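Structure, as structure tokens:
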Amino acid sequence: MDLNYFKYLKRLALNYKLYIEMRVRLLIFNIYWYNTIEQIKIVGPDSLSIIIITAFFVGMVFTLQIVKEFLHINAISLVGSILTIAFIRELSPVLTSVIIVGRIASCFTAELATMSVTEQLDALYLLETSPISYLVIPRVLSSILILPFLNIFSFITSLFSSSFICFTIYNIHPEIFFTSSFSSLYIIDIIKSLFKTLIFGFLISVISCIWGINANGGAKGVGQSTTSSVVSSLLAVFIADFILSYIMFSKVGSSIKTL
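Per the UniProt record's numbering: the sequence shown ends with 259, consecutive numbering throughout.
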């Protein structure tokens with residue numbers, strides 16, 4: 001990332017200007033719905049397979065590390081509860097967002113950066129079309145709408161892969177696992193998890209579009225913007241995750257129920 005402070009402040013000012021313009025366009029309902037639907041296809045169905053595969057294996061690995069410790073203290077009835085809480089509150093939202101950063105944020109930035117350095121954005125202005133309405137807002141809306149659904153798929157996949165490992169390796173019957181799991185799964189935790197991914201989707205899409213639309217310097221600038229976009233998006237997700245988790249869960253009592 002560029003450490004020139006003058007350029008950094010200039011980019012920050014451009015980012016703020018872009019954010020304000022995006023809010024104005026949303027308020028006046030200047031939205032290209034066809035573009036939004038196209039971006040939804042890219043963010044959603046095209047990302048679902050990698051989300052499910054990754055969640056399946058991460059769920060199994062996480063279970064391998066956790067279950068043996070609970071067996072050591074003879075707390076089999078708590079395994080489903082602990083894994084469910086970990087998945088719904090933290091692992092699924094963050095895992096989904098990290099995958100989206102790697103797959104979608106880099107895509108958004110590379111596309112917009114290429115358009116920026118080849119002056120295609122200037123052509124849109126000549127056609128009296130705002131790049132914010134035509135390019136940025138569809139990407140932001142698609143990310144906000146789709147990430148919560150991907151999060152649910154990730155959570156369900158992780159839970160079933162955990163149950164599979166518990167049964168095949170540790171001989172914990174699925175009935176015991178899911179009874180423990182559902183006893184600690186509350187609708188408020190699901191809502192908070194979905195809200196997390198909504199915020200993450202907004203941050204990822206806005207940051208990636210900002211880096212792309214302000215890119216310059218030819219092919220080198222496209223590469224630098226894409227790298228900076230991924231790094232910035234990951235940092236934003238992790239920082240936002242801590243802040244949201246602290247606000248949502250720091251004063252919440254235990255959700256675990258012994259069976």
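Here a beta-carbon is modelled for each residue, glycine too, at the ideal position from N, C-alpha and C.
Just so it is clear, the structure is predicted and the values come from calculations on it, not from any experiment.
Fill in: Inter-stretch contact (C-beta, 8 Å, three-pair minimum) for the stretch 177-184 and the stretch 73-83
yes
Practice prompt. Could you please give the first and the last residue of the uninterrupted alpha helix (DSSP H) stretch that includes H173?
Written response: Unbroken run through H173: none, as it is neither H nor E.
Discussion item. Let me check understanding here. Comparing Cα to Cα, which of F87, S205 and Q39 lies closest to I190?
Written reply: F87
Discussion item. Could you compute how far the alpha carbon of L150 sits from the alpha carbon of T197?
Written reply: 9 Å
Worksheet entry | A215, DSSP secondary structure in three states | coil
Worksheet entry | Beta-carbon proximity of N216 to Y134, cut-off 8 Å | no
Discussion item. By the three-class DSSP mapping on this structure, what secondary structure does T129 have?
Written reply: coil
Worksheet item: To the nearest angstrom, how far is it from the Cα of Q39 to the Cα of K68?
Response: 43 Å
Worksheet item: Using 8 Å as the Cβ pair cut-off and three pairs as the minimum, do the stretch 168-177 and the stretch 122-140 touch?
Response: no
Discussion item. Taking only three categories from DSSP, how would you classify T109?
Written reply: helix
Worksheet item: Is it buried or exposed for A55, if we count other Cβ within 10 angstroms and need 16 for buried?
Response: buried
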